[in-house]
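Let me begin by presenting the structure, written as C-alpha cells, before commenting on it.
Numbering (UniProt numbering), first residue to last: 1 to 108.
Pasting the structure below:
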C-alpha cells in the first residue's frame, strides 16, 4: 500500500464545488414550494439526460472502475430510470396533504 501525497488540485476540490453547493442551497426554499407538475418535469429532464448521456456514463465508469457497459446499464442507468419512473408515477400521492394523528403523549 502506498501513501502518495494528496495533490494540490485534489486538496482544493471541496472549495471548487462550494459555489455550486451554495447556489443549490439558496434555491432550496424556492424548490420546496414547487408544484407536482414542475417536479415531474424536472425528473423527466433527468431521465432524458441519463438516456442521452448513456454512452458517456458507460465510458466514464469503464475508465475509472473498468465496469463493463452492460453492467453500467443494469446497475446505474436502468436502476436510476426505474426509480425516476416510480417517483414520477407516485409523486402526486406523496405530495398530497394527509391527516396525521397526534400521539397521546404530545397532547397537552
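Glycine residues also receive a C-beta, built at the ideal position from the N, C-alpha and C atoms.
query: Residue closest to residue 92, alpha-carbon to alpha-carbon, out of 59, 99, 36 and 85; result: 36
query: Contact set for residue 43: own chain, Cβ-Cβ below 7 angstroms, skip 5 residues either direction; result: 84, 87 and 88
query: Assigned secondary structure, residue 86 (DSSP; H/G/I helix, E/B strand, else coil); result: helix
query: Chain-order list of residues whose beta-carbon lies under 7 angstroms from that of residue 95 (same chain, five-residue window excluded); result: 36
query: Delimiting residues of the alpha helix (DSSP H) encompassing residue 76; result: Run containing residue 76: none; DSSP gives neither H nor E here.
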